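Residue numbers (this note's numbering): 1005 to 1302.
Right under this line is the structure:
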């Protein structure tokens, strides 16, 4: 159902902290112009948790307005199952294409609790679900065994695989075949995951560099691995910025430098300053300076 490059887009704010709808529309539109295959809003490691549920619905609707009929998924990552189900219901009423669901971002659920939570949210929203498996960030591992237990429910259609172990993609496919669409959720493992069978990439630095991200994916799918690898090697220092406590600030700084966007974040985050900012800015500027012409028909 969901394949290709699906950006986990950043949320844009005005200086007073309100949602910047115009800038979101512009930036989301750039993703569509580059050929991305959908959008995921209100990311769980991004600023989704800093938004009210009503604000999240507003961001969803802004993305829908520019998505050109491509899927727009709402991230569901709530501390309580009750609240997660409420957001799933609101997203469904607002016309979301599906949900990306974190089973438990605060309490570390055991396998039985993980299954129960995911089933409850899927039932509440009654939409297709991408299971977000990220044991590094959340210490809850949605294992292939759990995926198999959930497989009887057709609402579970995809996995955002973020275990940080490239072997996991192969393990899922070996165990479950094509039952789930497996999308990599780790920017600096994207080439490797696509090489072993992932059908998509939930991407972060795509927000600042959409053309290069789409080019890598399309070249990989065309079997043009050497060309994809050349871009990926150029991209790696940027992609590493996504694997950081400061990924939101990193990506927003990259967006400011690459596409002229804003860096405003919602507290408790603050924009990058000092040595950390200098280091990130140097990486981004070096990448922009070394940008190569992309292959034809990528």
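In this text, a Cβ means the ideal position worked out from N, Cα and C, and glycines have one as well. Computed from a predicted model, the values in this text were never measured in an experiment.
- For residue 1178, the secondary structure class from DSSP, reduced to helix, strand or coil, is helix.
- Three or more beta-carbon pairs drawn from the stretch 1009-1018 and the stretch 1045-1055 are found closer than 8 Å, and the two stretches are therefore classed as touching.
- By the criterion of at least three beta-carbon pairs nearer than 8 Å, the stretch 1150-1165 is in contact with the stretch 1174-1186.
- Residue 1121 is a Cβ neighbour of residue 1085, given a cutoff of 7 Å.
- In the DSSP annotation of this structure, the continuous segment of the alpha helix (DSSP H) that includes residue 1129 starts and ends at 1115-1129.
- According to DSSP, residue pairing for residue 1017 in a beta bridge involves 1023.
- In this structure, the CA atom of residue 1019 is about 13 Å from the CA atom of residue 1025.
- The stretch 1212-1249 contains, as complete alpha helix (DSSP H) runs of 4+ residues, the segments 1214-1225, 1229-1243 (chain order).
- Counted as a single uninterrupted DSSP element, the stretch harbouring residue 1185 is not any alpha helix (DSSP H) but the beta strand (DSSP E) occupying residues 1185-1188.
- Excluding residues up to 5 positions away in sequence, 1269, 1273, 1275, 1276 lie with their Cβ nearer than 7 Å to the Cβ of residue 1253 in the same chain.
- For residue 1255, the number of other beta carbons within 10 angstroms of its own is at least 16, and it is reported as buried.
- Looking at the DSSP output, residue 1160 sits in a beta bridge with 1133.
- DSSP places residue 1043 outside any alpha helix (DSSP H); the residue lies instead in the beta strand (DSSP E), whose first and last residues are 1043-1045.
- Burial state of residue 1104 is buried, judged by a 10 Å Cβ sphere holding 16 or more other Cβ atoms.
- Just so you know, the alpha carbons of residue 1218 and residue 1138 end up roughly 23 Å apart.
- Along the length of the stretch 1040-1113, whole alpha helix (DSSP H) runs at least 4 residues long occupy 1057-1070, 1085-1097, reported in chain order.
- Between the alpha carbons of residue 1300 and residue 1073 lies a gap of roughly 26 Å.
- The alpha carbon of residue 1027 has as its nearest neighbour, out of 1181, 1152, 1070, the alpha carbon of 1070.
- Per the DSSP secondary-structure output, residue 1138 pairs in a beta bridge with 1144.
- For residue 1198 and residue 1224, the gap between their C-alpha atoms comes out near 7 Å.
- With respect to the 7 Å criterion, residue 1206 and residue 1061 are not classified as neighbours on the basis of their beta carbons.
- One alpha carbon belongs to residue 1088, the other to residue 1158, and they sit about 20 Å apart.
- Put simply, the backbone Cα of residue 1211 is about 23 Å away from that of residue 1142.
- Distance check between residue 1111 and each of 1144, 1209, 1007 places 1144 closest, using alpha-carbon atoms only.
- C-alpha of residue 1288 to C-alpha of residue 1023: approximately 26 Å in a straight line.
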